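Position 274 of the sequence shown, counting from 1, maps to 274 under UniProt numbering, and the rest follow consecutively. From the three backbone atoms N, C-alpha and C, an ideal C-beta is built for every residue, glycine too. This structure is a prediction, so every number in the text was calculated from the model and none was measured. Report on the following structure.
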Amino acid sequence: MQKKGSQRRISVCGLADQTAKWRKKQDGTNSLKKRIKKWWQELTIQKKIAVFTGMVCVTILLSVVFNVWVVRFSLTDFNGILQDNAKCSELIQALEQESTLFESYMRNPDTEKKEALERSMKRTKHAVYDLPFQYRRIGELRYAKTWSIRSSYEVYCTKRDAILSMEDNVTDYVSRLYEVYDMQDYLKDYAGTLMNYTIEEGDVSYQKKVPTLISVPLVVIFAGILLLFGIAEMAALMKETIMAPIFKLVHASQKIAANDFFIRDVEVDNKDELGELVRAFNKMKYATGEYIQALEEKRKTLDLLHEEELEKLETEKRLEMTKLELLKSQINPHFLFNTLNVIGGMASLEEAETTEKMIRALSALFRYNLKNQDTEVCLSQELKIMEDYMYLQQMRFGDRITYRKDCSVDADKVIVPAFTFQPLVENAIIHGLSKKEEGGTVRVHIWQKDGFTFITIGDNGLGMDEAALMHLRGELEKEDGKTGIGLGNIFRRIRAMYQDGNVEIYSKKDVGTVVKIQIRHKEVGEHDVPCVGGGR
């Protein structure tokens, strides 16, 4: 009983030791994975792609080298065996042919048989001296037999040539002739024996190489599995350190687009360009959210302070509310402005000219919307922003949408309301042209007449029927009409800013829509408005 108990304790202790060793091994593996992950996170995106590409190239190179080695190994060695066999076979055939022709010539000599015999003798001589004769390569048995063949052949040639030049009436002619026949038989026996030695040695050589041919593919397969496992790990790391942060940024951007600025920070462990981008994104998110909150608090405070003067300052309040609506629509992409500049810089470094041009155009739109606080601006600025917007839409729709501008005034001198052209062009594309399969044209015409500046923005899109047009005009006349921020905002601002300003809308079903703006003509010399020339 004591012996059995001690055996149980020994087995339990052994199991505990094995478990401890297994845990230690697992801890070592986990530690290695952590170190690799840390090293990977500190690499730049360019280096990550280079490492991944390098591993793929090494795998492909290993496969190519193995295939080349197998082909060369097989062709070089097996080709040598086949050539040796072929040379032995050639010698046997040459000896057989020479023996037959020699016997035929000796029985009935003539010129034709003599020429055939001479050709056969040359063939036999070439076959004898073409046999492999390197001791280290062919081994002792083949070397000895080849030496015997060469020595015997030289004696045979002497006796054969002597009998060919001897007259048949010589006393020992017959005995010498049969001696030549015997030597031919000996040579054929030697050649057959050499053929057997060659075949046996080739078989032994092949059997020696079989284990190598079996083991090398296993080694290569094992190495390939390791490399594929490494590539899979690298792919998982790339997904975790590149794709996952991008998906997090997209998710956070969607929430911010819904005016939810106080979401949790996007958390990543990257120390590369994506990590810097995420950290900048988090800072801009908080800054924008605090700015929005401050604006909301300021608006509430102003509402409380001016509640008693609400009726008296109704017009001014509408202007302030209009500015706030514009500002809200601008703040929403504020966090994207700096991000777009970063992406634009990266596109420039990567020589993606079209991408860079589109990003610069979009950045110009954001900059204009975010930083321009003037109610009136130079016409050239509005045209420039409108052209930037049209460039982006043409990149989106291609040849479906075209743009024509006819400006008969000096754009650098004429003053117009800010944020006017782009919203109207956007309405023309969204409601008029984008839903039309063949697309269409946006036309902008600006001219001066009788002290007024006239602006028309039209399209040859879907248009509206009479009922829809009358409904839209009625909504514009209402203070709380539901016409959308763009058109309604412009209509109210023109009426509030210009005593004799006017906005008119014309439309016809399947023909198109035209918005006509009439404002008092103003120039830079008459008003303190900064003016910067347009153009891309």
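Taking a contact to mean a Cβ-Cβ separation below 8 Å, would you say residue 272 touches residue 49 in this structure?
no
Residues of its chain near residue 270, where Cβ-Cβ distance is below 8 Å and the 5 sequence neighbours each way are ignored:
41, 241, 245, 278
If you reduce the DSSP assignment to three classes, tell me which class residue 327 lands in.
For residue 327, the pLDDT reaches just 49, beneath the cut-off of 50, and the residue's location in the model is therefore unreliable, although a value from the coordinates is still provided. Residue 327: helix per DSSP, three-state reduction.
First through last residue of the alpha helix (DSSP H) which encompasses residue 549
No answer is possible for residue 549: the residues shown for the chain start at 1 and end at 536.
Classify residue 272 as helix, strand or coil using the three-state DSSP reduction.
coil
How would you label residue 129, buried or exposed, when you count the other beta carbons within 10 angstroms and need 16 or more for buried?
exposed
Rounded C-beta distance between residue 127 and residue 82? I'm assuming under 8 Å.
16 Å between Cβ atoms; not a contact.
Does DSSP put residue 217 in a helix, a strand or coil?
helix
At the level of alpha carbons, what is the spacing between residue 535 and residue 249?
Because the pLDDT at residue 535 is just 41, under 50, the model does not fix this residue reliably, and the value given afterwards should be weighed accordingly. Approximately 33 Å, taken between the alpha carbons.
Give me the Cα-Cα distance between residue 223 and residue 217, rounded to the nearest whole angstrom.
10 Å
Could you compute how far the alpha carbon of residue 324 sits from the alpha carbon of residue 400?
Note that residue 324 has pLDDT 49, beneath the 50 cutoff, so the model's placement of it is unreliable and the number below is only indicative. Taking the straight line from one Cα to the other gives about 35 Å.
Taking 8 Å as the threshold (C-beta atoms), are residue 174 and residue 537 in contact?
Given a span of 1 to 536 for the chain in the structure shown, any question on residue 537 remains unanswerable.
Give the list of continuous beta strand (DSSP E) stretches no shorter than 3 residues that lie fully inside the region 406-453.
415-417, 440-449
To which residues does DSSP link residue 506 through a beta bridge?
514
Inter-stretch contact at 8 Å, needing at least 3 Cβ pairs: the region 400-412 / the region 355-375
no
How would you call residue 299, buried or exposed, if buried means at least 16 neighbouring beta carbons within 10 angstroms?
exposed
Top-ranked residue by Cα proximity to residue 392, from 362, 377, 418, 381:
362
Sub-8 Å separation of residue 55 and residue 238 beta-carbons:
no
Determine whether the beta carbon atoms of residue 87 and residue 131 lie at a separation below 8 Å.
yes
Excluding five sequence neighbours on each side, which residues of the same chain lie with their C-beta closer than 7 Å to the C-beta of residue 518?
452, 454, 501, 502
Please list the terminal residues of the continuous beta strand (DSSP E) segment that includes residue 376.
376-378
Check each candidate in 47, 507, 377 and name the one with the smallest Cα separation from residue 413.
377
Going by other Cβ atoms of all chains shown within 10 Å of its Cβ, with 16 needed for buried, is residue 211 buried or exposed?
exposed
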